[in-house]
Every structure is written in C-alpha cells, then in structure tokens.
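> The UniProt record's numbering puts the first residue of the sequence shown at 1, with every later residue one more than the last.
Ideal Cβ positions, reconstructed from N, Cα and C, are used throughout, including at glycine.
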Amino acid sequence: MIRARLGEIELGDLLRTLEGGRKNAVINITCPKLKGRIHIREGKIAYIQTQPGPHLGEYLVRFDYLTLEQVQALVKYQQQENPGTPLGLLALQQSLVTNDELNEVLHAQILEGLATLLAQQEGELVAEPPPVEASQVLLPGLSDASTMLMEALRRLDEWMRGKVEPETVLQLAGDPTRHALSPDAWTVLEAIDGVKRARSVALACDLPEEQVYHLLYELKSRGILAEAEVRPQDPLLLVLADSDLIRRLLLVTLERQRYRVMLPPDLEAARRILEHNRVQGVLLEGTDLAVKVRQLRALPNGRYLPIWLITEQPPRGFWVKNARVAYIPKPFGEEELLAALAVIKRPV
1 MIRARLGEIE
11 LGDLLRTLEG
21 GRKNAVINIT
31 CPKLKGRIHI
41 REGKIAYIQT
51 QPGPHLGEYL
61 VRFDYLTLEQ
71 VQALVKYQQQ
81 ENPGTPLGLL
91 ALQQSLVTND
101 ELNEVLHAQI
111 LEGLATLLAQ
121 QEGELVAEPP
131 PVEASQVLLP
141 GLSDASTMLM
151 EALRRLDEWM
161 RGKVEPETVL
171 QLAGDPTRHA
181 LSPDAWTVLE
191 AIDGVKRARS
201 VALACDLPEE
211 QVYHLLYELK
221 SRGILAEAEV
231 RPQDPLLLVL
241 ADSDLIRRLL
251 LVTLERQRYR
261 VMLPPDLEAA
271 RRILEHNRVQ
281 GVLLEGTDLA
291 VKVRQLRALP
301 NGRYLPIWLI
311 TEQPPRGFWV
321 KNARVAYIPK
331 PFGEEELLAA
341 LAVIKRPV
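#1: Rounded to a whole number of angstroms, what is the C-alpha to C-alpha distance between residue 151 and residue 111?
#2: Please determine, among 246, 305, 53, 299, the residue with the shortest C-alpha to C-alpha distance to residue 324.
#3: Indicate whether residue 349 and residue 127 have their beta-carbon atoms separated by less than 8 angstroms.
#4: Taking the beta strand (DSSP E) that residue 420 belongs to, which residues open and close that run?
#5: Would you kindly work out how many angstroms separate the C-alpha atoms of residue 42 and residue 120, rounded to a whole number?
#6: What first and last residue would you give for the beta strand (DSSP E) that runs through residue 47?
#7: Quick one: Cα of residue 172 to Cα of residue 9, how far?
#8: Quick one: grab the DSSP three-state call for residue 295.
#9: Compare the C-alpha of residue 137 against each of 3, 17, 25, 68 and name the closest.
#10: Got a sec, what are the start and stop residues for the alpha helix (DSSP H) residue 104 sits in?
#11: Figure out for me which residue from 245, 194, 238, 176 has the closest Cα to the Cα of residue 218.
#12: Just verifying my parser: in three-state terms, what is the DSSP assignment at residue 334?
#13: Within 10 angstroms of the Cβ of residue 185, are there 16 or more other Cβ atoms? Answer buried if so, exposed if not.
#14: May I ask you to report which of helix, strand or coil DSSP gives residue 55?
#15: Between the Cα of residue 53 and the Cα atoms of 200, 79, 97, 37, which residue gives the shortest distance?
#16: I'd like to confirm the pairing. Which residues does DSSP put opposite residue 308 in its beta bridges?
#17: How would you write the range of the alpha helix (DSSP H) that residue 239 sits in, first residue to last?
#18: Ends of the alpha helix (DSSP H) at residue 30?
#19: Just to confirm the assignment, what range does the beta strand (DSSP E) spanning residue 34 have?
#20: Given residue 255, which residues of its chain have a CB within under 6 angstroms of its CB, disregarding the five upstream and five downstream residues?
#21: What distance in whole Å lies between the Cβ atoms of residue 211 and residue 155, which are believed to be in contact at a cut-off of 8 angstroms?
#22: Compute the Euclidean distance between the alpha carbons of residue 277 and residue 169, then round it to the nearest angstrom.
#23: Ordered along the chain, which non-local residues of its own chain (more than five positions away) have a Cβ less than 7 angstroms from that of residue 286?
#24: With DSSP as the reference, identify every bridge partner of residue 124, one or two as the case may be.
#25: Excluding the five sequence neighbours on either side, which residues of its own chain have a C-beta within less than 8 angstroms of the C-beta of residue 326, listed in chain order?
#26: Candidates 144, 235, 105: which alpha carbon is nearest residue 205's?
#27: Where residue 227 and residue 180 are concerned, what is the direct C-alpha to C-alpha distance, given to the nearest angstrom?
#28: Where are the beta strand (DSSP E) runs, 3 residues long or more, that stay fully inside the region 130-161, in chain order?
#29: What does residue 171 pair with, by DSSP beta-bridge criteria?
#30: Based on Cα-Cα distance, which residue from 44, 315, 311 lies nearest to residue 16?
#31: Which residues mark the beginning and the end of the beta strand (DSSP E) in which residue 271 is found?
#32: If we ignore side chains and look at the alpha-carbon of each, how far apart do residue 94 and residue 159 end up?
#33: Leaving out the 5 sequence neighbours to the left and right, which residues in its chain are closer than 6 angstroms to residue 166 when beta-carbon positions are compared?
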C-alpha cells in the first residue's frame, strides 16, 4: 500500500509506474472538495470516478447512445447499483451500444475524471491492491495509461488558460465563419441560444464539462460570443436522491432544459439550502421518504413547496395526501419528467 499527500508523490508518476509493471490497483484520492477513485487493471486505467462527478451511465445519455429509461433498466439487472464499467458491459452484451460507441464514451469519461484529479493541489492519495471482487471491469479497446495521461495533461493545460463561469449566459456577437474553429467549437456554438447558462450548454454537448467552459472562454475572447444583456432566471430545483445514477441523470436532464439543479449530499444539507435559497421544487428518491418530506415541510420555505417522489410504485399512506406530494414513476423518461415539472412557472 502507498499512502502520501498530493505533492509528495505525483499522480502521473504513480500511473506510469503501475503501467510499466502491468499492475492491478485501486487509487483513492481524498481532496477538500471532492473524492476520486482510479481503477487500474494490468497497468491500464479501467475507470475513474469522482464524487461529485459524472459516471459512465450519465455519459451514455449525454452522447445520446442510451435513453434515460434504458440506463435505469440496465441498473435493475445489477445486484448492487454500479453505473460504471459493469453497466457499460451490460449495454454491450444487450447490443444497445457497439464496441466503438462504448470506447468513445468511456474514453471521454476517463479523461474528464483524470484531468479533474490531476488539477487537485491538496489531498491524500492511497494506492492499494484491488479487492477480490473488483467493482469495475477492464473493457476492450482502452488506450494505455501513458497515452491517457498525456491527453489529460494537455486538456488540463488548455482549461487552465481560461474558462467561463457555469452561470454565464452568452449570445452570438460575431461571425463564426470568419474564424478557423475546431469541430468541438462548432458543437458548442450550435448549443448557444442567448438564454442558456454555460452549464446547460455544457451538459447538452457530448464533451467534458470543463472543456466546454474553456471553449466558451475562447469563443468569447475572439469576439464570437458575448455575455447576454438579459439573464433569464432559471427555476432552482433541489434533488435529494440515494441513487448516484438517479442524481446525475436528473442533473443532466434538468440542466439541459434550463433548470438550475442543486445536489445536497444529505437531508441536513437540503434543509440548509431551503433555508437560504429560493427553491421552486424538490425531487426526492430513495429510502425514508416520509421522514424527508416531513422535515422539509416543517421549514417555513418548504411548507408549500412542490415536492415530487420518484419511486417504482406510487407511495401509499395517509401521509402522502397530508404532505401534498406528487409522484414520478421510476424508471422515468425525459418527457414524463418535464411534464410533471410544468407546474413550475418561469419568471418572465
């Protein structure tokens, strides 16, 4: 086992060493604002997960290779929810995606996670042999760790040169055809409509979120984009879900449709958000829903707040009617989700 502070040992050097020895390992990284886990199989990076951060299931939806319903259905086949490489393998076995599509998505997801972890300056790193029952599998077609590391460092260098804030609203200000733009820049431009926040734009593109913020910065610096004079006030929604899959799928789907989404880690954090923000709706998923609803309703800002319960079966009991909650069936699709939220009025 290796335990060290970031800076005492370079993550890149450790990855190269493991690659050279074709080792198996799990690297856990704990930082002030996030946690990360890197799964190494035969010296290759099999998977990277950051918390908070996207997982493979989310990326399959963002790339439009799977629908919300398909991803949720795949997870039901698992004994324990795992939206990483086991979910990707299931999708491959059921012919929902091709090898090339899965490799494209996994490559993008790993790159975003690796660049995010390489950017961390403070924290602790622990590398140890993987458990007997590994939570991730090595999918075919992955690049070696050195190649992934070089590409992640290159992207990180680009991102560090400048990026827009996620809440920035941009509009077209110049003629993009007068500039030599990359295919990724054109992809981002197609999502600009003068009302979407940068975060909504980023999650509508099949690109890493930080890369979109950098591309928007570059387009703004070249005069192609400018900040919008009027910034629409997108409704603020709070999502409290036990399932990491559901939490991230709701984030992507709702942000794409110009809802601002906050993801508190627990009920106490949700209560604090309600006390200090003008939340316009709450979506709950998981266990102890009656307790969560009761505590949120006890707050002054939660008394009349729209609350939706996301469950496989309609919730029953006197408390459901008394608490004035609505129901969204799981698995949910985008159309059903947005129809349920249509009661929320957007400020003009």
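Answer, in terms of the structure:
#1: As a working mapping, residue 151 is identified with position 151 in the sequence shown. As a working mapping, residue 111 is identified with position 111 in the sequence shown. C-alpha separation (whole angstroms): 8 angstroms.
#2: Within the sequence shown, the letter at position 324 stands for residue 324. Among 246, 305, 53, 299, the Cα nearest to that of residue 324 belongs to 305.
#3: It is not possible to answer for residue 349, since the shown part of the chain is limited to 1 through 348.
#4: In this structure the chain extends from 1 to 348, so residue 420 is not present and cannot be described.
#5: The sequence position of residue 42 within the sequence shown is 42, counting from 1. The sequence position of residue 120 within the sequence shown is 120, counting from 1. Rounded to whole angstroms, residue 42 to residue 120 spans 25 angstroms at the Cα level.
#6: Residue mapping note: residue 47 aligns to position 47 of the sequence shown, counting from 1. 44-51 is the span of the beta strand (DSSP E), which, as asked, contains residue 47.
#7: Taking the first residue of the sequence shown as position 1, residue 172 is located at position 172. Taking the first residue of the sequence shown as position 1, residue 9 is located at position 9. Distance between the alpha carbons of residue 172 and residue 9 is about 45 angstroms.
#8: Along the sequence shown, one-based indexing puts residue 295 at 295. The three-state secondary structure of residue 295, taken from DSSP, is helix.
#9: Translated into positions along the sequence shown, residue 137 becomes position 137. With distances taken between Cα atoms, residue 137 lies closest to 25.
#10: Along the sequence shown, read from residue 1 onward, the residue named residue 104 stands at position 104. Counting along the chain, the alpha helix (DSSP H) containing residue 104 begins and ends at 99-118.
#11: Counting from 1 along the sequence shown, the entry for residue 218 is found at position 218. Per the Cα distances, 176.
#12: Your numbering for residue 334 matches position 334 in the sequence shown. Note: residue 334 maps to helix in three-state DSSP.
#13: The residue you call residue 185 lines up with position 185 of the sequence shown. Answer is buried; the Cβ neighbour count reaches 16.
#14: Looking up residue 55 in the sequence shown gives position 55. Note: residue 55 maps to coil in three-state DSSP.
#15: Against the sequence shown, residue 53 aligns to sequence position 53. It is 37 whose Cα lies nearest to the Cα of residue 53.
#16: Within the sequence shown, numbered from 1, the residue matching residue 308 stands at position 308. Residue 308 is bridged to 283, 326.
#17: Position 239 of the sequence shown holds residue 239. Per DSSP, residue 239 belongs to no alpha helix (DSSP H); it is in the beta strand (DSSP E), 236-241.
#18: In the sequence shown, counting from the first residue as 1, residue 30 sits at position 30. Not the alpha helix (DSSP H): residue 30 falls in the beta strand (DSSP E), residues 25-30.
#19: The sequence position of residue 34 within the sequence shown is 34, counting from 1. Premise fails: residue 34 is in no beta strand (DSSP E) and is neither H nor E.
#20: Locating residue 255 in the sequence shown gives position 255, where the first residue counts as 1. 199, 200, 203, 261, listed in sequence order.
#21: Mapped onto the sequence shown, residue 155 falls at position 155. Mapped onto the sequence shown, residue 211 falls at position 211. Right, the Cβ-Cβ distance comes to about 6 angstroms (below 8 angstroms), so this counts as a contact.
#22: Here the question's residue 277 lines up with position 277 in the sequence shown. Here the question's residue 169 lines up with position 169 in the sequence shown. Residue 277 and residue 169: Cα-Cα distance of roughly 21 angstroms.
#23: Numbered from 1 along the sequence shown, position 286 holds the residue referred to as residue 286. Within the same chain, residue 286 has close Cβ partners 241, 242, 243.
#24: For the purposes of this step, residue 124 is identified with residue 124 of the sequence shown, where counting begins at 1. Note: residue 124 sits in a beta bridge opposite 5, 30.
#25: Residue numbering aside, residue 326 sits at position 326 when the sequence shown is read from its first letter. Around residue 326: 306, 307, 308, 309, 340.
#26: Taking the first residue of the sequence shown as position 1, residue 205 is located at position 205. Nearest of 144, 235, 105 to residue 205, Cα basis: 105.
#27: Here residue 227 corresponds to residue number 227 of the sequence shown, with the count starting at 1. Here residue 180 corresponds to residue number 180 of the sequence shown, with the count starting at 1. If I take the Cα positions, the gap works out to 22 angstroms.
#28: none
#29: By 1-based counting over the sequence shown, the position of residue 171 is 171. BP columns for residue 171 point to 226.
#30: Against the sequence shown, residue 16 aligns to sequence position 16. Nearest C-alpha to residue 16 among 44, 315, 311: 44.
#31: As a working note, residue 271 is residue 271 in the sequence shown. Per DSSP, residue 271 belongs to no beta strand (DSSP E); it is in the alpha helix (DSSP H), 267-276.
#32: Counting from 1 along the sequence shown, the entry for residue 94 is found at position 94. Counting from 1 along the sequence shown, the entry for residue 159 is found at position 159. So the two alpha carbons sit approximately 37 angstroms from each other.
#33: The sequence position of residue 166 within the sequence shown is 166, counting from 1. The residues are 198, 199.
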